[in-house]
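Undergrad:
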Amino acid sequence: MSPIPRQPAPLTATAAGPFTGRVRVAGDKSMSHRALMLGALAIGETRIDGLTESDDILATVSAMRAFGALVTRPAPGAWRVRGLGVGGFLEPEDIIDFGNAGTGVRLAMGLVGSQAIAATFTGDAMLRGRSFGRFLDPLRRMGVQVIARSNDRLPMTIKGPDVTLPLEYRMPVASAQVKSAVLLAGLNTPGVTTIIEPVATRDHTERMLASFGAAIEIDRNADGERVVRLEGRRDLKAQAVTVPGDPSLAAYLVVAALLRDGSDLTIEAVLLNPMRTGLIETLIEMGGDIAVSNRRALGGEEVGDIRVRSSRLRGIVVPPERAPSMIDEYPLLAIAAAFAEGTTRMDGLGELRLKASDRIAMVAAGLAANGVAVEEGPESLAVTGGATSIGGGRVATGHDPRVAMSFLVLGMAGHVGVTIDDFGPVQTSFPEFQSLMSGLGAHFEKAEPPAA
Ligand code: S3P
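In terms of the numbering used here, the sequence shown opens at residue 52 and continues consecutively.
1. Between Leu461, Gly242, Ile108, which has its C-alpha nearest Gln478's C-alpha?
2. If you reduce the DSSP assignment to three classes, tell me which class Asn202 lands in.
3. Can you list, in chain order, the stretches of the beta strand (DSSP E) that have 3 or more residues and sit fully within the segment 384-472?
4. If we ignore side chains and look at the alpha-carbon of each, how far apart do Gly399 and Glu96 end up?
5. Would you kindly check if the distance between the Cβ of Val233 and the Cβ of Thr244 is under 8 Å?
6. Does the beta carbon of Ala126 fall short of 7 Å from some heavy atom of the ligand S3P?
7. For Val368, which residues from the same chain have a beta carbon less than 6 Å from its beta carbon, with the 5 sequence-adjacent residues on both sides left out?
8. My assumption, with CB atoms under 8 Å, is that Gly442 sits in contact with Gly465. Please give the rounded CB distance.
9. Give the single residue among Val434, Ala502, Leu418 whose Cα lies nearest to the Cα of Val454.
10. Ser81: beta carbon under 7 Å from a heavy atom of the ligand S3P?
11. Buried or exposed: which applies to Glu268, given that a residue is buried once 16 or more other Cβ atoms fall within 10 Å of its Cβ?
12. Taking the beta strand (DSSP E) that Leu62 belongs to, which residues open and close that run?
13. Any heavy atom of the ligand S3P within a distance shorter than 7 Å of the CB on Ser262?
14. Quick check on DSSP: helix, strand or coil for Ser81?
15. Taking the Cβ atom as the reference point for each residue, do Ile341 and Val306 lie within a distance shorter than 8 Å?
16. Please work out which residues of its chain come closer than 6 Å, Cβ to Cβ, to Ala129, disregarding the five sequence neighbours upstream and downstream, and give them in chain order.
17. Should Lys230 go down as buried or exposed, given a rule of 16 or more other Cβ atoms within 10 Å for buried?
18. Under three-state DSSP, which class holds Met377?
19. Taking all protein chains shown into account, do 16 or more other C-beta atoms lie within 10 angstroms of the C-beta of Ser83, making it buried, or fewer, making it exposed?
20. How should Pro429 be labelled, buried or exposed, when 16 other C-beta atoms within 10 angstroms of its C-beta is the threshold for buried?
21. Helix, strand or coil for Gln485, going by three-state DSSP, please let me know.
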């Protein structure tokens, strides 16, 4: 950690576009974390292409090295991981700092939980402020010891028992991170670890485990719930993984192109896992001209090219059951809704208050500051579009990169520029965002910090 606190870097985005041409986005972040982690447990050398190289993912690289895996980068985006075998992690010499990488640290807790080693984790101020209780609850039931700050906050030490107990865990919340932490702990647990998901969430962990040769089965029970069974203590075999484009990053381009007149943009080779495409589905329902072509298999997942043309959108009611398939995209959907005719209602958003920031509150305040009519409920947002002057406001982003990027898109699409209070977290989480957008003609300007 840097001893000198970083100064906030305010940034203004002004009207830009049309957005045209063909582009690619960086590799999917969820898959990048998982590819490194499974590579570190597999026997042999895993080759990863298209790995996204943000600070979040580099934190996972450092963590896997700290556990003893040999991780190298022969070329940009191309990585090699020589794994240690399931149960083969070494005890790290020092504290592992995940910075702002919430997914990385949560999944790593699962990995360590079933190995008889102790590891101490920390993160940046944002991550240290979060409670990890709901991740630790199932791990504790598997026999994992935890010494954490009050309210289960970082820094914390996780120590796996000699033998972890297999767990049947009915997910109390729809969270792929919680599910994945339990499954990763299940890898070195004798017997069968079972997850019951009343509401399905992104399944990259299951897919990647299957491709690495894990004994994993997926079913539905009589109540229609998704059941994942993993038999532990089986070897994983090193794989070649190609990481497709991140749909959650492509989303900013999709919305920017929809909102700017004259746009016709194609984003190539984007991950189309059905648990990640909720935003695209929603935007099409709102009248967005979006077409997917060239569907093909890549890295055990489906990918395709997304073509977007500028469109007049109309407000809709977004079904709450769609939340898991677009959980990271609601701030951006709220921006699209600001330009739609009528009101867009989003329900079932309770989880959004627990992300990198309270995204319901941040989005509501940011929209209001930019002349957009918005109603905030405990678990909902209703945005009414079509105001005559959108933009001109200064937005507090709560150090949340997805809130920051969404409001920059508002600035690109609006009538007057929008200033966000700090671009720093975007640079660390999605370093390619600014160059990608600038390459398409977006205008950014450094803004003055507010007077003290
Ligand atoms: C992620 C799952 C989601 C998402 C996060 C990445 C993952 O969190 O918000 O950005 O890679 O598993 P939850 O499933 O915990 O809601």
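By construction, the Cβ of each residue, glycine as well, lies at the ideal position given by its N, Cα and C atoms.
TA: This is what the structure holds:
1. As a position in the sequence shown, residue 478 is number 427, starting the count at 1. It is Ile108.
2. Position 151 of the sequence shown, counted from the first residue, corresponds to residue 202. It is helical.
3. 394-397, 424-428, 431-435, 469-471
4. Stepping through the sequence shown from its first residue, residue 399 is reached at position 348. Stepping through the sequence shown from its first residue, residue 96 is reached at position 45. When rounded, the distance between both Cα atoms is 42 Å.
5. By 1-based counting over the sequence shown, the position of residue 244 is 193. By 1-based counting over the sequence shown, the position of residue 233 is 182. Yes, these two residues count as a Cβ contact at 8 Å.
6. The count along the sequence shown starts at 1 and reaches residue 126 at position 75. The answer is no for Ala126.
7. By one-based count along the sequence shown, residue 368 stands at place 317. Hits under 6 Å: Arg396.
8. For this step, residue 442 is matched to residue 391 along the sequence shown. For this step, residue 465 is matched to residue 414 along the sequence shown. So it is a contact: roughly 3 Å between Cβ atoms.
9. Position 403 of the sequence shown, counted from the start, is the residue given in the question as residue 454. Among Val434, Ala502, Leu418, the Cα nearest to that of Val454 belongs to Leu418.
10. Taking the sequence shown and counting its residues from 1, the one referred to as residue 81 is at position 30. Within the cutoff, so yes.
11. Residue numbering aside, residue 268 sits at position 217 when the sequence shown is read from its first letter. Per the 10 Å Cβ criterion, exposed.
12. Your numbering for residue 62 matches position 11 in the sequence shown. Here the beta strand (DSSP E) through Leu62 covers 62-65.
13. Here the question's residue 262 lines up with position 211 in the sequence shown. Checking the Cβ of Ser262 against the ligand S3P gives no.
14. Locating residue 81 in the sequence shown gives position 30, counting from the first residue. Correct three-state label for Ser81: helix.
15. Locating residue 341 in the sequence shown gives position 290, where the first residue counts as 1. Locating residue 306 in the sequence shown gives position 255, where the first residue counts as 1. Contact: no.
16. If you number the sequence shown from 1, residue 129 lands on position 78. Only Asp100 meet the Cβ criterion.
17. Taking the first residue of the sequence shown as position 1, residue 230 is located at position 179. Flag for Lys230 reads buried.
18. Position 326 of the sequence shown, counted from the start, is the residue given in the question as residue 377. Helix, per DSSP.
19. Your numbering for residue 83 matches position 32 in the sequence shown. It counts as buried.
20. What you label residue 429 is simply residue 378 of the sequence shown in a count that begins at 1. Under this definition Pro429 is an exposed residue.
21. As a position in the sequence shown, residue 485 is number 434, starting the count at 1. In the structure shown, Gln485 sits in a helix (DSSP, three-state: H, G or I).
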